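Have a look at the structure below, then the notes.
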Amino acid sequence: MRKFNIRKVLDGLTAVSAVASASSAAQQQQAGNRETEIQETLQSEHFQLCKTVRHGFPYQPSALAFDPVQKILAIGTQTGALRLFGRPGVECYCQHDSGAAVIQLQFLINEGALVSALADDTLHLWNLRQKRPAILHSLKFNRERITFCHLPFQSKWLYVGTERGNIHIVNVESFTLSGYVIMWNKAIELSSKSHPGPVVHISDNPMDEGKLLIGFESGTVVLWDLKSKKADYRYTHDEAIHSVAWHHEGKQFICSHSDGTLTIWNVKSPTKPFQTITPHGKQLKDGKKPEPCKPILKVEYKTTRAGEPFIILSGGLSYDTVGRRPCLTVMHGKSTAVLEMDYSIVDFLTLCETPYPNDFQEPYAVVVLLEKDLVLIDLAQNGYPIFENPYPLTIHESPVTCCEYFADCPVDLIPALYSVGARQKRQGYSKKEWPISGGNWGVITQSYSEIIITGHADGSIKFWDASAITLQVLYKLKTAKVFEKSRNKDERPNTDIVDEDPYAIQIISWCAESRMLCIAGVSAHVIIYRFSKQEVTTEVIPMLEVRLLYEINDVETPDGEQAPPVPTPGTGSNPQSIVPQSHPSTSSSSSDGLRDNVPCLKVKNSPLKQSPGYQIELVIQLVWVSGEPPQQITSLAINSAYGLVVFGNCNGIAMVDYLQKTVLLNLGTIELYGSNDPYRREPRSPRKTRQPSGGLCDINEGTVVPEDRCKSPTSAKMSRKLSLPTELKPDLDVKDNSFSRSRSSSVTSIDKESREAISALHFCETFTRKADTSPSPCLWVGTTLGTVLVIALNLPPGGEQRLLQPVIVSPSGTILRLKGAILRMAFLDTTGSLVPPAHETWREHYEDKDEKEKAKKRRPVSVSPSSSQEISENQYAVICSEKQAKVISLPSQNCIYKQNITETSFVLRGDIVSLSNSICLACFCANGHIMTFSLPSLRPLLDVYYLPLTNMRIARTFCFTDNGQALYLVSPTEIQRLTYSQETCENLQEMLGELFTLVETPEAPNRGFFKGLFGGGAQSLDREELFGESASGKASRSLAQHIPGPGGIEGVKGAASGVVGELARARLALDERGQKLGELEEKTAAMLYSADSFSKHAHEMMLKYKDKKWYQF
22 MRKFNIRKVL
32 DGLTAVSAVA
42 SASSAAQQQQ
52 AGNRETEIQE
62 TLQSEHFQLC
72 KTVRHGFPYQ
82 PSALAFDPVQ
92 KILAIGTQTG
102 ALRLFGRPGV
112 ECYCQHDSGA
122 AVIQLQFLIN
132 EGALVSALAD
142 DTLHLWNLRQ
152 KRPAILHSLK
162 FNRERITFCH
172 LPFQSKWLYV
182 GTERGNIHIV
192 NVESFTLSGY
202 VIMWNKAIEL
212 SSKSHPGPVV
222 HISDNPMDEG
232 KLLIGFESGT
242 VVLWDLKSKK
252 ADYRYTHDEA
262 IHSVAWHHEG
272 KQFICSHSDG
282 TLTIWNVKSP
292 TKPFQTITPH
302 GKQLKDGKKP
312 EPCKPILKVE
322 YKTTRAGEPF
332 IILSGGLSYD
342 TVGRRPCLTV
352 MHGKSTAVLE
362 MDYSIVDFLT
372 LCETPYPNDF
382 QEPYAVVVLL
392 EKDLVLIDLA
402 QNGYPIFENP
412 YPLTIHESPV
422 TCCEYFADCP
432 VDLIPALYSV
442 GARQKRQGYS
452 KKEWPISGGN
462 WGVITQSYSE
472 IIITGHADGS
482 IKFWDASAIT
492 LQVLYKLKTA
502 KVFEKSRNKD
512 ERPNTDIVDE
522 DPYAIQIISW
532 CAESRMLCIA
542 GVSAHVIIYR
552 FSKQEVTTEV
562 IPMLEVRLLY
572 EINDVETPDG
582 EQAPPVPTPG
592 TGSNPQSIVP
602 QSHPSTSSSS
612 SDGLRDNVPC
622 LKVKNSPLKQ
632 SPGYQIELVI
642 QLVWVSGEPP
652 QQITSLAINS
662 AYGLVVFGNC
672 NGIAMVDYLQ
682 KTVLLNLGTI
692 ELYGSNDPYR
702 REPRSPRKTR
712 QPSGGLCDIN
722 EGTVVPEDRC
732 KSPTSAKMSR
742 KLSLPTELKP
752 DLDVKDNSFS
762 RSRSSSVTSI
772 DKESREAISA
782 LHFCETFTRK
792 ADTSPSPCLW
802 VGTTLGTVLV
812 IALNLPPGGE
822 QRLLQPVIVS
832 PSGTILRLKG
842 AILRMAFLDT
852 TGSLVPPAHE
862 TWREHYEDKD
872 EKEKAKKRRP
882 VSVSPSSSQE
892 ISENQYAVIC
902 SEKQAKVISL
912 PSQNCIYKQN
922 ITETSFVLRG
932 DIVSLSNSIC
942 LACFCANGHI
952 MTFSLPSLRP
962 LLDVYYLPLT
972 NMRIARTFCF
982 TDNGQALYLV
992 SPTEIQRLTY
1002 SQETCENLQE
1012 MLGELFTLVE
1022 TPEAPNRGFF
1032 KGLFGGGAQS
1042 LDREELFGES
1052 ASGKASRSLA
1062 QHIPGPGGIE
1072 GVKGAASGVV
1082 GELARARLAL
1092 DERGQKLGEL
1102 EEKTAAMLYS
1112 ADSFSKHAHE
1122 MMLKYKDKKW
1132 YQF
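Here the working numbering is used: the first residue of the sequence shown is 22, the next is one more, and so on.
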């Protein structure tokens, strides 16, 4: 029994079978002489798994903060994630281990540190002075719930308000509580008979740090004198308060209320508000109060030197505006601008020129954090235009349904996509530079380009430049524009096979060299696109309709096996499958009234203007057959050198010549086998109810594998929101973190067995039969029952002949078997190098006459090493299924290496990829393991437990690519990239951007001669004197628990330098030995306390039992 060479399993969940079969070991021994022929260079030390970067909009955002000096933006989420944004290209993702929601974020301005407050009542101090931010300290509140935090500029004392209405003060250097507490009953005293509710606001007076403004939810506001420890003024209002903001002179403040009103108060007039405004209330006659509106959730009050102040607020719309979108209101002097947003507002912040609260604020922009977007509004320009967002936050513009990842693309590809994509940009953005401009870029150590393609639910496809761990959208293609859209739901044709999103992309097949693109959609449609830099108008959209039928004759052969005749070469195409050229009847219903020969979508019949970029070459649609909808497409492949596209589903396979626009092959899966069908298939049982197409055709392996074999989502790709009958939906057991497979089904086992779907397709130039002496073009077909079949292709010569003579297609009779659905196939030459499929290099399709003449004489370039091989040389086919991988020598078809990848789970994604000038097989299993195997010998090189499969989104989007890169959709809005390359892991630190840069803090505002003389300027406060241990004593130990973070001494040095007082500098002067001594002292004190409490407890026990006899115990 051979064990894996390396096991980097993180937590012992080793459900992967690490043992190859005895026969496999024997085969390896037997193939020992072959192993010496191909020198394998990849070893386990070349592999290491780590996350690199996360792109996209933070999923479920909940908090927002901005450092006005460093110009860094922070966003917290409901799942405890923290995303930091600097200049375009500088992004960072961190995660709180607890996963609790972030309720508030506070920067230590220009200090390179950030405080996060979480819903589990913990505070965390993050060090941002390192490329991967880390937590330095945490503080867990035990008896009170945190509701609001405030950290004054250049202060080390953080005010923490709680649900009980109390305010505690935390030293952000040591992350310990001060003994100074403002209790709610002292704050309100007799002004209210009831509890004032949680603290919803804390801020100090901009002109007097000794005065603290405290807002309670019930409507009470208190101005607290920190020195005298009593309230100066109390302001009461009937309506609940949501937020409070100061005027910079400290003489007025504004409150927003739950009835849609704003109240402006003069500090020294607590009896009634100076002014009450209802921004969106209808003013009624007779001086009556305006009608109540929705709550104003937040208000900001910002002043300018030159003109009127800005009052900016979210919410407050009147209740009769049903269906109106969420709004941000900007009030400036007498003008009120209402800015509609696409999603609900989570939070907003006004960006100002100064970090000092006691100076004119000079606001220049507003950052609005929406539920699914981030918007920046330019306050300096008329009409308040928005800034063009440079971050890749539009991944989820329409939900992502599939993903492909390409590394080492041709160098001219990204510029070509960028140039056609640049024409699609919207106009009317602000002319100014993006204001979030902090941080520095990392060092680019990768020289190759990377492209990510995402397919979406609305039928759009986006191309992204993913080079050097950044992400930027290049080009967007809308595939739905080729179809007629129904105006409303009533008009929708009843041919739809899905409830909604009929244009959703399921599979993408792309040839980077020729730039040919092919997509398969959820409505059983395939579209082929050609790249062009010229605009064209297509008068008639070329289209084909294919009748892909699944039928078995009712007559059984004596031995019980069906033996349909093998189509003769060139006649594999059913003439009835081409519509409308030779279709005998285009009626939409058959003789018995059932829907027949109708596609699910209607192609536009008007001329279509096509912009530069991807332009339609051909639309192919599967049609309804006798009242049954077409089954969704499960696999797809295009080859530019051959001019062919092939696709399959659980009914069969179809091949189309997209140059001649003809169907070459249209066979049921069983017909592919000819007389070699290994399964006993019986007639289809008649259907009691019509089954809508679901793309998941419940397949059982029959005699090959036990009945409870797990059904993998990759064997038949499923789109979002499909109308699947319950018996065909996969069971998702989240508790178990894996897919459990349903054993019971109303579909009969006969029908299940016969539904064999096409799961993998691969064009190549190789040996099709054992007797072949030279490689030739062919198509390898993999099915969900683990069968690989080979179809030979006979192509006419290039040039004009290619367009006139037919391509001859014929099954070769070659059949190979594996356990589990086939996922991926590839071919190696005698040196062990990958043989890429033949392809054409891209050239402009719409050329002048001279160019066309040259093109006619030019034969398509088949860039394939195999074509130059000598007859004596052989090849190796690498086949990966859900359960195992095999390497088969060609043309002999002997299996020379075999590896059982997993017994108890199944492989979701397998890719043959290049790494360090060699190649390997990379697999992602449903049980969360990522594994790599050497080629051709299939030696295990890496096995890491990484991520349990908890939803279909991960299964649908996980993909590996060359140079050790991989990605998946970690949330509906974010892409997580990872690497399995040791070299990339080592270089990652250099490649990451820096968030913190050395910036001088702006000078404090000048107080002026008279203000200095008569004491009218800002009053400072020695907070150390008030809140330090010597003045306020120690806080209760049971109130909060200090937890040291993993940031370490280097982090402490980084975070605590700057303007945080002499005490901090003195503390930082200590070397590591001093710090260790301090830690030792703390531990000693803790041990003494523990010993003391133990002795007290022992003494109490002794007193209790002192006078008792032994038998009384």
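Even glycine gets a Cβ: it sits at the ideal position worked out from N, Cα and C.
Only a predicted model underlies this, so the values are computations on that prediction, with no experimental measurement involved.
Query raised in the report: Can you give the Cα-Cα distance for L349 and M362, rounded to whole angstroms?
Result: 7 Å
Requested in this report: Could you name the residues of the same chain whose beta carbon sits closer than 6 Å to that of V396, not counting the 5 residues immediately before and after it, in chain order?
Outcome: V389, I407
Query raised in the report: Helix, strand or coil for C423 per DSSP?
Result: strand
**Report entry** Entirely enclosed beta strand (DSSP E) segments - the stretch 897-983, minimum 3 residues
**Finding:** 905-911, 915-921, 928-936, 939-946, 950-955, 961-966, 980-982
Requested in this report: Run the CB neighbour count on Y426, radius 10 Å, all protein chains shown included, and call it buried at 16 or more, exposed below.
Outcome: buried
Query raised in the report: What are the uninterrupted segments assigned as alpha helix (DSSP H) that are 4 or more residues long and contained completely in the stretch 632-709, given in chain order?
Result: 690-694
Query raised in the report: Considering only residues of the same chain and omitting the five flanking positions on each side of G985, which have a CB-CB separation below 7 Å?
Result: L936, T1000, Y1001, S1002, T1005
Query raised in the report: DSSP on A443, reduced to helix/strand/coil?
Result: helix
Query raised in the report: Of the choices E418, I641, V191, whose alpha-carbon is the least far from that of Y80?
Result: E418
**Report entry** Nearest-angstrom Cα separation, counted from E692 out to E791
**Finding:** Residue 791 is actually Lys in this sequence, not Glu. Roughly 21 Å separates the two Cα atoms.
Report task. Reducing DSSP to helix, strand and coil, say where W462 ends up. Result -> coil
Report task. With a floor of 3 residues, list each beta strand (DSSP E) that falls wholly inside the stretch 798-825, ordered by position along the chain. Result -> 808-815
Report task. Inspect the CB distances between the stretch 857-867 and the stretch 944-954 and report whether three or more fall short of 8 Å. Result -> no
Query raised in the report: Tell me which same chain residues have a C-beta within less than 7 Å of the C-beta of N192, skipping the five on either side of it?
Result: K177, W178, S199
Query raised in the report: Are three or more beta carbon pairs between the stretch 964-983 and the stretch 1004-1021 nearer than 8 Å?
Result: no
Query raised in the report: Can you list, in chain order, the residues of its chain whose CB lies under 6 Å from that of P14, leaving out five sequence neighbours each side?
Result: The requested residue 14 is not part of the displayed model; the chain covers only 22 to 1134.
Query raised in the report: Do I124 and I167 come within 8 Å of each other at the CB atom, strictly closer than that value?
Result: yes
Query raised in the report: What's the C-alpha gap between W645 and I562?
Result: 21 Å
**Report entry** V619 (DSSP reduced to helix, strand or coil)
**Finding:** coil
Report task. Could you check what DSSP says for W863 in three-state terms: helix, strand or coil? Result -> coil
Query raised in the report: Can you list, in chain order, the residues of its chain whose CB lies under 7 Å from that of Y377, leaving out five sequence neighbours each side?
Result: F174, A1025, P1026
Requested in this report: With F484 as the anchor, note down where its beta strand (DSSP E) starts and where it stops.
Outcome: 481-486
Query raised in the report: In whole angstroms, what separates the C-alpha of A122 from that of T98?
Result: 6 Å
Report task. Look at the alpha carbon of A813 and the alpha carbon of T787, and state the distance between them as a whole number of angstroms. Result -> 10 Å
Query raised in the report: Using 8 Å as the Cβ pair cut-off and three pairs as the minimum, do the stretch 915-928 and the stretch 813-832 touch?
Result: no
Report task. Name, in chain order, the residues that DSSP records as bridge partners for Q555. Result -> Paired residues: none, contrary to the question.
Report task. Give the DSSP-derived three-state secondary structure of Q304 in the structure shown. Result -> coil
Report task. Look at the alpha carbon of P291 and the alpha carbon of P330, and state the distance between them as a whole number of angstroms. Result -> 23 Å
Query raised in the report: For I540, which three-state DSSP category applies?
Result: strand
Query raised in the report: What does C314 pair with, by DSSP beta-bridge criteria?
Result: S339
Query raised in the report: Where does Q402 sit, in a helix, a strand or coil, going by DSSP?
Result: coil
Query raised in the report: By Cβ distance below 6 Å, which residues in the same chain neighbour N1008 in space, the five residues on each side in sequence not counted?
Result: T466
Report task. Assuming A662 contacts H860 (C-beta within less than 8 Å), just tell me the rounded distance between them. Result -> 5 Å
Requested in this report: In angstroms with no decimal places, state the Cα-to-Cα distance between A898 and A976.
Outcome: 25 Å
Query raised in the report: Less than 8 Å separating the beta-carbons of V802 and I654?
Result: no
**Report entry** For H263 and E383, the rounded distance between their alpha carbons
**Finding:** 24 Å
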